[in-house]
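**Student:**
There are 2 protein chains.
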Amino acid sequence: MNILVLGAGQLARMMALDGWVLELSLRAYDVGPKQVVDPLTKQIYPQSLNDAIAWADVITSEFEHIPYDVLETCEQSGKMYPDARAIKAGADRRLEKELLEQAQVANAPHLIVNDKIGFEQALTQLDLPLVLKSALAGYDGKGQWRLATLAEAEKLWPTLQAFLHDNPQQALIAEQMIPFDYEVSLVGARSHDGDIVSYPLALNHHHQGVLNLSIVDGSLPGALQQQAQQMFHAIAKQLNYVGVLAIEFFVVGERLLVNEIAPRVHNSGHWSQQGAFISQFDNHLRAVAGLPLGDTSLREPTAMVNILGEDTLDPAVYALPGCRVHWYGKDKRAGRKMGHINLSAPSREQLTEHITELARKLPAEQFPALHLYLQQD
Amino acid sequence: MNILVLGAGQLARMMALDGWVLELSLRAYDVGPKQVVDPLTKQIYPQSLNDAIAWADVITSEFEHIPYDVLETCEQSGKMYPDARAIKAGADRRLEKELLEQAQVANAPHLIVNDKIGFEQALTQLDLPLVLKSALAGYDGKGQWRLATLAEAEKLWPTLQAFLHDNPQQALIAEQMIPFDYEVSLVGARSHDGDIVSYPLALNHHHQGVLNLSIVDGSLPGALQQQAQQMFHAIAKQLNYVGVLAIEFFVVGERLLVNEIAPRVHNSGHWSQQGAFISQFDNHLRAVAGLPLGDTSLREPTAMVNILGEDTLDPAVYALPGCRVHWYGKDKRAGRKMGHINLSAPSREQLTEHITELARKLPAEQFPALHLYLQQD
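Chains V and Z supply the protein sequences, listed in that same order.
Per UniProt numbering, the very first residue in the first sequence carries number 1; after that it's consecutive.
Per UniProt numbering, the very first residue in the second sequence carries number 1; after that it's consecutive.
1) Enumerated in chain order, which unbroken segments of the alpha helix (DSSP H) with a length of 4 residues or greater are wholly contained in the region 91-167 of chain Z?
2) What would DSSP say about Z/G243, mapped onto helix, strand or coil?
3) In terms of DSSP beta bridges, what is V/Q176 paired with?
4) Looking at C-beta atoms only, is the number of pairs between the region 32-49 of chain Z and the region 93-110 of chain Z that lie closer than 8 Å three or more?
5) Alpha carbon to alpha carbon, what distance is there between V/S279 and V/V265?
6) Residue 396 of chain V bridges to which residues according to DSSP?
7) V/A319 versus chain Z: which residues are under 8 Å apart at the beta carbon?
8) Indicate the three-state DSSP secondary structure (helix, strand or coil) for V/M15 in the structure shown.
9) Along the region 154-175 of chain V, where does the CB come closer than 8 Å to a CB of chain Z? Name the residues.
10) Mapping DSSP to helix, strand and coil, what is Z/D311?
11) Find the residues of chain Z that neighbour V/E23, judging by a C-beta separation of less than 7 Å, and give them in chain order.
12) Smallest Cα separation from Z/L130: which of Z/Q176, Z/G78, Z/T124?
13) Are the beta-carbon atoms belonging to Z/W327 and V/V251 less than 9 Å from one another?
14) Looking at the strands, I want to know which residues DSSP matches up with V/G339.
15) What's the gap between the Cα of V/D115 and the Cα of V/L257?
16) Who are the Cβ neighbours of Z/Q170 in its own chain at under 8 Å, not counting the five residues just before and after it?
17) If we cut at 9 Å on Cβ distances, does Z/R324 have a partner in chain V?
18) Using a Cβ-Cβ cut-off of 9 Å, state whether V/T41 counts as contacting chain Z.
19) Could you check whether the region 267-281 of chain Z touches the region 117-131 of chain Z, counting it as contact only if at least three pairs of C-beta atoms, one from each stretch, sit closer than 8 Å?
20) Can you find a CB in chain Z that lies within less than 9 Å of the CB of residue 446 of chain V?
21) So for Z/S77, helix, strand or coil by DSSP?
22) Name, please, each residue of chain Z whose Cβ falls closer than 8 Å to the Cβ of V/Q280.
23) Kindly indicate which three-state DSSP category Z/H207 falls into: helix, strand or coil?
24) With the cut-off set at 9 Å, would you say Z/S214 and Z/M338 are in Cβ contact?
25) Could you say which of V/L201, V/L308, V/D193 lies nearest to V/K332 if we only look at CA atoms?
26) Compare the C-beta of Z/E300 with all C-beta atoms of chain V and state if any pair is closer than 9 Å.
27) Counting only C-beta atoms, is Z/W20 closer than 9 Å to chain V at any point?
28) Which chain Z residues are close to V/R348, counting only those with a beta carbon under 9 Å from its beta carbon?
29) If you check the beta carbons only, do Z/L160 and Z/V113 fall under 9 Å apart?
30) Name the chain V residues that come within less than 8 Å of Z/R286, Cβ to Cβ?
31) Relative to the C-alpha of V/W354, which residue among V/P363, V/L374, V/L100 is closest?
32) Using DSSP bridges, identify the partner residues of Z/L6.
33) With 8 Å as the C-beta to C-beta threshold (strictly closer), list the residues of the region 263-278 of chain V near chain A in chain order.
34) Where do the N-terminal and C-terminal ends of the alpha helix (DSSP H) with Z/R286 fall, by residue?
35) Which chain V residues sit within Cβ distance under 9 Å of Z/S48?
36) For V/L150, count the other beta carbons within 10 Å of its own beta carbon; 16 or more makes it buried, fewer makes it exposed. Which is it?
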């Protein structure tokens with residue numbers, strides 16, 4: 001079976017590695033240079049997007065920021081899973097919020113801000129502090145402004161106004177900042193037949209809006225897992241979703257609020273390559289290709305540490321027990337996701353020991369959340 | 001780092017999949033058509049063997065039956081690990097037996113038979129029954145003759161004589177048949193620095209000379225593991241070996257006898273893709289590339305079932321707990337190794353349950369050893 005992936009980054013790469021095992025053939029469409037490439041070698045196929053669509057049995061996506069014309073062309077083929085609506089809901093916070101309301105899942109109180117009137121409504125109808133997020137193309141903490149007091153609002157408005165003026169297709173989502181206890185995410189898959197499997201919740205540690213560390217150790221309350229799965233069902237059903245979908249949550253006491261959704265495999269699911277039998281990449285391919293979904297249960301406590309902006313590690317890391325380093329084959333650039341480290345142990349206590357041992361070999365400057373996590377512990 | 005693999009079958013393919021994760025670039029030299037190919041796509045690189053040798057930082061091998069001229073050309077580059085001597089010892093039973101004697105590891109009493117005099121010596125000096133194996137190019141039970149009585153010897157000799165006459169570079173190894181209790185194998189890796197790691201012993205079930213089922217469940221006595229590791233050390237040191245080496249043993253009571261060695265990753269090590277953190281393929285690449293060797297410990301009881309001559313399975317197999325199906329992308333042919341299934345469980349008892357459940361979905365005709373194993377249990 002031939003699968004065309006929109007996007008040619010590390011997620012397509014890791015999908016392709018699992019694709020070979022399933023005897024699925026993958027090509028990637030790099031939306032920037034508009035080229036069809038091999039997701040591993042990056043070798044260019046001399047074919048147009050339309051040729052690639054004709055070649056494909058199934059079209060899927062590794063990210064949501066896809067030009068609408070590309071999405072529409074793919075959607076028209078009737079081969080695209082998840083479909084354009086789901087991908088747009090991941091790319092546009094206006095559609096995402098609309099979806100969450102339709103699916104009746106809890107999320108932060110919010111208003112859409114298109115102009116000064118909208119901004120003033122947000123200030124009066126929502127409780128401060130607020131966070132204002134660009135509707136489109138915001139990720140990893142980019143395109144966000146925080147607002148703690150009414151006094152700050154006056155100073156901030158000119159920046160927001162300029163942003164709205166310069167980007168007429170944009171809007172801002174004013175969201176009440178949630179004083180959450182921690183952040184978790186659920187990665188799950190839904191098949192063509194509506195079967196759903198989901199992985200255990202990952203506990204996520206961000207630094208400056210970028211995921212640094214995910215831990216899945218079975219210590220989160222079962223009630224949270226259930227709540228997350230119910231929300232997953234509601235959203236996935238609302239979208240008639242096929243493939244892997246990730247949902248990020250704020251945990252407030254015993255309650256979950258959806259922060260955002262990603263209609264794709266997700267960084268916080270990379271641990272599944274080692275901590276589960278069937279990875280999120282494998283299950284995504286199974287879902288879109290119509291193969292049975294595979295075992296998502298937790299094999300043993302597992303952590304995932306992102307490697308940001310670094311292309312080498314202390315070689316001793318490779319020899320640590322329960323440890324595997326994954327590289328993405330990218331050129332080094334400050335802050336860039338270059339790879340990740342999966343780390344497992346037979347118990348939570350031993351996992352903490354393993355993480356401590358790993359952290360000793362990783363500089364605090366490059367792995368801030370990892371070191372902060374150990375200080376908290 | 002660039003790695004050229006001699007051989008372009010499923011072992012090179014699975015090496016390449018782990019190579020991508022380590023950011024190693026692999027090409028394969030297919031010794032039949034004398035072509036340099038991508039081990040995944042099989043796309044032909046327009047280059048000669050010498051070009052590929054110049055391209056490579058390291059040369060390694062996925063199988064031992066390599067023409068001597070190719071081996072010598074590679075060896076001269078000074079980049080080949082394991083070296084030609086080790087590969088020849090895997091391909092020629094005369095050299096293999098010589099190696100085992102030099103390393104002083106126990107193996108079956110044997111004699112080399114080049115002619116009728118040698119055959120008669122074997123009949124008098126060794127205890128019947130015997131097995132006669134061709135020195136070269138015998139694998140998976142091919143090129144073997146069994147001899148139970150002196151009366152049979154007279155009948156068999158014309159066949160053996162014709163074989164020796166038609167293949168002047170060949171010889172026969174007459175080996176005393178070992179009434180073994182079971183067969184096990186040890187897969188280990190040795191680095192450039194002489195560091196050695198080894199996986200737990202696999203218990204192997206063959207059918208008509210072909211591996212069908214390997215089980216690694218931690219139930220074999222520690223003393224056997226130790227014995228196997230000592231023999232591994234002796235052989236690997238004798239060869240100044242670099243890379244993964246597999247040793248197959250007969251277990252006779254509490255004693256191990258080496259059956260044969262394979263200077264490469266081995267079918268009985270495929271379980272390590274799931275039952276260990278770092279697979280045999282990964283560790284082989286680490287060893288030859290000079291990266292630290294990784295964790296070889298058993299994560300949980302794991303079995304590997306070969307898929308022979310079949311290119312489809314009951315889809316329900318994909319959804320079994322602890323189960324992952326690996327395909328090799330080959331055209332279907334009777335008896336051909338088309339893929340394998342890895343299956344794990346938290347305990348030995350549950351693994352047997354999982355194997356039973358799996359066997360229900362696999363026809364006894366195609367998976368004979370699997371069904372026999374369950375009958376014994």
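We put the CB at the ideal spot given by N, CA and C, even for glycine.
**Tutor:** Based on what the coordinates show:
1) 93-102, 116-125, 150-166
2) Position 243 of the second sequence, counted from the first residue, corresponds to residue 243 of chain Z. Z/G243 falls in the strand class under three-state DSSP.
3) If you number the first sequence from 1, residue 176 of chain V lands on position 176. Its beta-bridge partners are V/L130.
4) no
5) Within the first sequence, the letter at position 265 stands for residue 265 of chain V. Within the first sequence, the letter at position 279 stands for residue 279 of chain V. Each residue's Cα considered, the two are about 10 Å apart.
6) As shown, chain V starts at 1 and ends at 377. That puts residue 396 of chain V outside it, with no answer to give.
7) Position 319 of the first sequence, counted from the start, is the residue given in the question as residue 319 of chain V. Going along chain Z in sequence order, the residues near V/A319 (Cβ under 8 Å) are P292, L293, G294, D295.
8) Taking the first residue of the first sequence as 1, we reach residue 15 of chain V at position 15. DSSP places V/M15 in helix when its eight states are reduced to three.
9) none
10) In the second sequence, counting from the first residue as 1, residue 311 of chain Z sits at position 311. It is coil, neither helix nor strand.
11) Sequence index remark: in the first sequence, residue 23 of chain V carries index 23 (1-based). Here the neighbours are W327, G329.
12) Taking the first residue of the second sequence as 1, we reach residue 130 of chain Z at position 130. For the residues Z/Q176, Z/G78, Z/T124, the minimum Cα distance to Z/L130 belongs to Z/Q176.
13) Along the second sequence, read from residue 1 onward, the residue named residue 327 of chain Z stands at position 327. Along the first sequence, read from residue 1 onward, the residue named residue 251 of chain V stands at position 251. Not closer than 9 Å, so no.
14) Within the first sequence, the letter at position 339 stands for residue 339 of chain V. The partner list for V/G339 (beta bridge, DSSP) reads V/I307, V/W327.
15) The count along the first sequence starts at 1 and reaches residue 115 of chain V at position 115. The count along the first sequence starts at 1 and reaches residue 257 of chain V at position 257. One C-alpha to the other measures close to 27 Å.
16) Counted from its first residue, the second sequence places residue 170 of chain Z at position 170. If we look at Z/Q170 and ignore the five residues flanking it on each side, its Cβ neighbours are S134, A135, L136, F163, L164.
17) The count along the second sequence starts at 1 and reaches residue 324 of chain Z at position 324. Chain V contact via Cβ: present.
18) As a working note, residue 41 of chain V is residue 41 in the first sequence. Yes, its Cβ sits closer than 9 Å to a Cβ of chain Z.
19) no
20) With chain V covering 1 to 377 only, the question about residue 446 of chain V has no answer from this structure.
21) The count along the second sequence starts at 1 and reaches residue 77 of chain Z at position 77. Of the three classes helix, strand and coil, the one that applies to Z/S77 here is coil, per DSSP.
22) As a working note, residue 280 of chain V is residue 280 in the first sequence. In chain order: nothing, as chain Z lies at least about 14 Å away.
23) Taking the first residue of the second sequence as position 1, residue 207 of chain Z is located at position 207. Three-state result, Z/H207: strand.
24) Counting from one through the second sequence, the residue named residue 214 of chain Z turns up at place 214. Counting from one through the second sequence, the residue named residue 338 of chain Z turns up at place 338. Not closer than 9 Å, so no.
25) Here residue 332 of chain V refers to the residue found at position 332 of the first sequence. Here the closest residue by C-alpha is V/L308.
26) Reading the second sequence from its first residue, position 300 is the one you call residue 300 of chain Z. For Z/E300, the answer is yes, since a Cβ of chain V falls inside 9 Å of its Cβ.
27) Looking up residue 20 of chain Z in the second sequence gives position 20. Judged by the 9 Å Cβ criterion, Z/W20 is in contact with chain V.
28) On the first sequence, position 348 is the one that residue 348 of chain V refers to. Correct list: empty, because the minimum Cβ distance to chain Z is about 16 Å.
29) Translated into the one-based positions of the second sequence, residue 160 of chain Z becomes position 160. Translated into the one-based positions of the second sequence, residue 113 of chain Z becomes position 113. Cβ atoms of Z/L160 and Z/V113: closer than 9 Å.
30) Along the second sequence, one-based indexing puts residue 286 of chain Z at 286. Those are Y318, listed as they occur along chain V.
31) One-based indexing of the first sequence puts residue 354 of chain V at position 354. Sequence inspection shows His at residue 354 of chain V; the Trp mentioned does not correspond to that position. Taking only the C-alpha atoms, the option nearest V/H354 is V/L374.
32) Within the second sequence, residue 6 of chain Z is the residue found at index 6, counting from 1. DSSP, once it has assigned bridges, lists Z/Y29, Z/S61 as partnering Z/L6.
33) Within the model displayed, chain A is absent; protein chains V and Z are what it includes.
34) Working through the second sequence from its first residue, we reach residue 286 of chain Z at position 286. Segment 280-289, the alpha helix (DSSP H) holding Z/R286.
35) Reading the second sequence from its first residue, position 48 is the one you call residue 48 of chain Z. None at all; the shortest Cβ gap to chain V is about 21 Å.
36) Stepping through the first sequence from its first residue, residue 150 of chain V is reached at position 150. Exposed is the call here.
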